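Following: one structure in structure tokens, then a few remarks.
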Amino acid sequence: MPMSRDEVFTKVQGVLIEALGVDEDEITELATLQGDLDAESIDFLDIVFRLEKAFSIKIPRGELFPDEILSNPDYVENGKLTSTGLAKMKGSMPHADFSDFEQDPDVSKMPDLFTVGTIINYVQSKLGGVPA
Amino acid sequence: MRWIWIDGFTEFVSGKRATAFKNLDAADEQLQEHFPEYPVMPPSLMIEGMAQTAGILVGESRQFRENVILAKIRNARFEAYCTPGDTIRYEAILESLDESGATSSGKVFRNEKEIGQVDLMFSHVDPATNQLDLPDHNFVFTDQFIQLLDDYRAGQALS
């Protein structure tokens, strides 16, 4: 039986408390990893390792937190994702909510896509529960 | 400069776990000023000792193809000092490993008593494709580190 969203949230919360040293009440679905929870780039790999262990899943690198798109000049122009880049990013991150970001796909706002809710969506899709 | 904070291995199970030791001597340079008239092993160097124990475990499991960089101290806790005459033992367990990096958990012992826990995360940097402007050769696993492993294996072969 797939885990409920609440059960996934509780486990993700535990992962983030350990990985980032944040308090339980700081972790909400809308909290962004970098802006709200002060995650640094190396913490993303730590989070991936901890999620794999907590949920007994395998997370291919670049699947939860895609980063190769930004280094492709075809996808970025004047600091913003091109329409092709945006489509590629949305395809790579079906677990993220792009509704705000796609209004102004400035690369500097990319970190806002990585929220606690994004992680929960991703984990649920990996566990065969609610699709991302 | 010799930057090796373990004296040797007493156990090495490829891809799984390793135990290394460090004997503390009153003449050790790091104890001269830390602290004057009260020599104790700096915990930061004990973290480094664990990083070397676990780092060699990580590197060996992938045939030393990549540089293994200490990326994050996930947890470090010490409950007692180590002083001249003590043997510090580092027991490292490889928790996870893939192309991007590895994690380890580890216990620290002062002689036979457990006194700490050090959990680490490592990142792999392939010398051929690194994007961090690091040297293009394997600068982590120098001959000195490899020698530690060779010495252990030579001892095992004789026993």
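Protein sequence lines correspond, in order, to chains A and B. Residue numbers for the first sequence follow the working numbering, so the first one is 23 and each next one is one higher. Residue numbers for the second sequence follow the working numbering, so the first one is 444 and each next one is one higher. Beta carbons are placed, not taken as given, at the ideal position from N, Cα and C, and that holds for glycine. Note that the structure is predicted; figures quoted are calculated from it, not measured.
Interface partners of residue i on chain B, CB under 7 Å
i: residue 74 of chain A; result: 539
Distance, residue j Cα to residue i Cα
i: residue 14 of chain A; j: residue 122 of chain A; result: Nothing can be reported for residue 14 of chain A: it is not among the residues displayed for chain A, which extend from 23 to 154.
i: residue 95 of chain A; j: residue 498 of chain B; result: 36 Å
i: residue 489 of chain B; j: residue 124 of chain A; result: 48 Å
i: residue 77 of chain A; j: residue 130 of chain A; result: 31 Å
i: residue 513 of chain B; j: residue 112 of chain A; result: 33 Å
i: residue 26 of chain A; j: residue 502 of chain B; result: 39 Å
i: residue 602 of chain B; j: residue 452 of chain B; result: 14 Å
i: residue 459 of chain B; j: residue 495 of chain B; result: 15 Å
i: residue 588 of chain B; j: residue 539 of chain B; result: 22 Å
i: residue 479 of chain B; j: residue 69 of chain A; result: 41 Å
i: residue 169 of chain A; j: residue 133 of chain A; result: The question about residue 169 of chain A has no answer here: the residues shown for chain A are numbered 23 through 154.
i: residue 598 of chain B; j: residue 559 of chain B; result: 28 Å
i: residue 500 of chain B; j: residue 592 of chain B; result: 10 Å
i: residue 471 of chain B; j: residue 114 of chain A; result: 54 Å
i: residue 46 of chain A; j: residue 39 of chain A; result: 7 Å
i: residue 84 of chain A; j: residue 542 of chain B; result: 12 Å
i: residue 72 of chain A; j: residue 463 of chain B; result: 26 Å
i: residue 37 of chain A; j: residue 517 of chain B; result: 12 Å
i: residue 28 of chain A; j: residue 457 of chain B; result: 39 Å
i: residue 486 of chain B; j: residue 596 of chain B; result: 29 Å
i: residue 511 of chain B; j: residue 482 of chain B; result: 31 Å
N- and C-terminal bounds of the alpha helix (DSSP H) containing residue i
i: residue 35 of chain A; result: 27-42
i: residue 105 of chain A; result: 105-114
i: residue 148 of chain A; result: 138-148
i: residue 501 of chain B; result: 486-504
i: residue 70 of chain A; result: 63-77
Partners in chain A for residue i, counting only beta-carbon separations shorter than 7 Å
i: residue 546 of chain B; result: 71
i: residue 515 of chain B; result: 64, 68
i: residue 504 of chain B; result: The contacting residues do not exist; residue 504 of chain B stays about 15 Å from chain A at best.
Own chain partners of residue i with C-beta closer than 7 Å, once the 5 adjacent residues on each side are dropped
i: residue 97 of chain A; result: 91, 103, 104, 106, 107, 110
i: residue 34 of chain A; result: 138, 141, 142, 145
i: residue 66 of chain A; result: 87
i: residue 594 of chain B; result: 451
i: residue 128 of chain A; result: 101, 102
Nonlocal neighbours in the same chain, by C-beta distance under 6 Å from residue i, ignoring five residues either side
i: residue 31 of chain A; result: 142
i: residue 79 of chain A; result: 148
i: residue 492 of chain B; result: 448, 449, 465, 533
i: residue 535 of chain B; result: 461, 496, 497, 500, 547, 549
i: residue 544 of chain B; result: 565, 566, 567
i: residue 569 of chain B; result: 509
i: residue 584 of chain B; result: 502, 507
i: residue 136 of chain A; result: 55
Residue of the options minimising C-alpha distance to residue i
i: residue 561 of chain B; options: B/462, B/520, B/599; result: B/520
i: residue 547 of chain B; options: B/556, B/554, B/564; result: B/564
i: residue 116 of chain A; options: A/88, A/127, A/101; result: A/88
i: residue 119 of chain A; options: A/51, A/56, A/36; result: A/51
i: residue 551 of chain B; options: B/461, B/457, B/509; result: B/461
i: residue 523 of chain B; options: B/553, B/455, B/511; result: B/553
Sequence-distant residues of the same chain with beta carbon closer than 8 Å to residue i, five excluded per side
i: residue 467 of chain B; result: 474, 484, 525, 526, 527, 528, 529, 530, 531
i: residue 444 of chain B; result: Residue placement at residue 444 of chain B cannot be trusted, given a pLDDT of 48 that sits under 50; the coordinates are not used to answer.
i: residue 60 of chain A; result: 42, 44
i: residue 74 of chain A; result: 80, 81
i: residue 48 of chain A; result: 58, 59
Host beta strand (DSSP E) of residue i (start-end)
i: residue 547 of chain B; result: 544-553
i: residue 557 of chain B; result: 556-568
i: residue 595 of chain B; result: No beta strand (DSSP E) contains residue 595 of chain B, which is instead part of the alpha helix (DSSP H) from 586-601.
i: residue 533 of chain B; result: 530-540
i: residue 462 of chain B; result: 460-466
i: residue 513 of chain B; result: 510-521
i: residue 451 of chain B; result: 451-456
Contacts of residue i in chain A (Cβ-Cβ under 8 Å)
i: residue 484 of chain B; result: Simply none; closest approach about 26 Å.
Partner residues on chain B for residue i, Cβ-Cβ distance less than 8 Å
i: residue 83 of chain A; result: 541, 542, 543
Per-residue contacts from residue i into chain A (C-beta, under 9 Å)
i: residue 564 of chain B; result: 64, 67, 68, 71
Cβ of residue i within 9 Å of any chain D Cβ
i: residue 41 of chain A; result: In the displayed structure, chain D is absent; the protein chains listed are A and B.
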